[in-house]
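Protein chains in written order, with our numbering: chain A, 1 to 291; chain B, 1001 to 1162.
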């Protein structure tokens, strides 16, 4: 299976553990991730300039279509932005005209309704690879590991864009992917809550309080949190560390990207899964799974 | 900024602002809002910052009270989690309304400087986080492939209208 890999801005610069583990795991599963000269999806500037944001998304969609491959995104916001652009540009004629105005003038191109399939990495594993195949490839079952998943917002919402994939209120696909590794996915209140990352630049205090809420609920109750979006990762992992220092309070909730967890289950050397980038120490998790 | 609990002067309704909202609203539709408050009850920001009230923002915008709506910090506080979008019985799509309001505010020059700066950063670097030599070295050490460090189309689109 081949996919065009959409990395976005945050992952290749700031969350290389996600990229490294995703590429390693994909290889082990026989998935070919092709690097394409994509650029920013547009999401970060949507609040101040939706036309420019959709224009960026449109160019990326054209690039994916040209390659003839489905686009697989690691970042949930990138995935949502690209999917939304496909819908908005199909339905909103006035917006389509504005976008093509920008594209014609700035990059000499035109969006002609190119709609490659855009799919999140986790959804690709869930739908295209399947849990059965994953289970069959597990060499080191993660039995006894208690995991709290954090599906994040844009992986499943708005549901109008994801064509009925998963439940927007009670998402379960990530839990099922976790269970395919042999680990236990625990249920908890507020699983669907937002990390607060998108308002970090506007109101840091509110953003951090949103992050803290979940950490406080999970501290001491699980072996790790598992997530699939770099914004969520920065909040729950890096900001957990920063807040622990500020508040002189340890939460001790290790935060793993799903491919890091899956990589452990597939028997991959942890050094190839980028654990050294994680801010909160993961030694406890590694010890528990016996590596 | 007008306090969130202040009595507002409805006669200050701005017809031009209302026309602009109607023109830019896309799939969302403010006129359908019947003020049930499901958005407020679903809001994770509201749980932390009690003054953030999406229902009130919807109503003030619907009334055409441009200065209060655009001049309030609150339109920038929505975290775009889309929970209200899922639950709104009238398909108002509050997050999309927020984006329209934010875009109008930005055009009037009253967006948070941090967010405005991102457009500039993208026009200069093509990336939110630059792939500098230091980062490229680390990528190499991790056997990560080379990626386009400064996507030209992003720089050109971000720089439009300069």
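Beta carbons are placed, not taken as given, at the ideal position from N, Cα and C, and that holds for glycine. Because the structure is a prediction, the values reported are computed rather than measured.
Check, Outcome
"Beta carbon of residue 58 (chain A) nearer than 8 Å to that of residue 45 (chain A)", "no"
"Host beta strand (DSSP E) of residue 73 (chain A) (start-end)", "70-73"
"Classification of residue 1119 (chain B) by the beta-carbon crowding that lies within 10 angstroms, buried from 16 upward", "buried"
"Residue(s) in a DSSP beta bridge with residue 4 (chain A)", "A:34 and A:71"
"Residue-level contact to chain B via CB, residue 20 (chain A), 8 Å cutoff", "yes"
"According to DSSP, residues forming a beta bridge with residue 225 (chain A)", "A:148 and A:255"
"Chain-ordered neighbours of residue 1102 (chain B) on chain A, where CB pairs are closer than 7 Å", "47 and 48"
"Cβ neighbour criterion (16 or more within 10 Å) applied to residue 193 (chain A)", "buried"
"C-beta contact flag for residue 1065 (chain B) and residue 1013 (chain B) at 8 Å", "yes"
"Buried or exposed (CB count within 10 angstroms, at least 16 for buried), residue 60 (chain A)", "buried"
"Extent of the continuous beta strand (DSSP E) to which residue 120 (chain A) belongs", "118-120"
"Per DSSP, the bridge partner or partners of residue 184 (chain A)", "A:146"
"For residue 5 (chain A) and residue 73 (chain A), the rounded distance between their alpha carbons", "6 Å"
"The region 1113-1130 of chain B contacting the region 1145-1158 of chain B, beta-carbon criterion three pairs below 8 Å", "yes"
"Unbroken alpha helix (DSSP H) run spanning residue 98 (chain A), endpoints", "93-107"
"7 Å CB neighbourhood of residue 1057 (chain B) in its chain, flanking five on each side removed", "1069, 1074 and 1075"
"N- and C-terminal bounds of the alpha helix (DSSP H) containing residue 1086 (chain B)", "1083-1087"
"Coil, strand or helix - residue 1144 (chain B) by DSSP", "coil"
"Contact between the region 216-226 of chain A and the region 133-150 of chain A (3+ Cβ pairs under 8 Å)", "yes"
"Alpha carbon of residue 293 (chain A) to alpha carbon of residue 108 (chain A), nearest angstrom", "Lying outside 1 to 291, the shown extent of chain A, residue 293 (chain A) is not represented and no answer is given."
"Which of helix, strand or coil DSSP assigns to residue 1150 (chain B)", "coil"
"The alpha helix (DSSP H) enclosing residue 12 (chain A), as first and last residue numbers", "10-14"
"Pair within 8 Å by beta-carbon distance, residue 110 (chain A) and residue 100 (chain A)", "yes"
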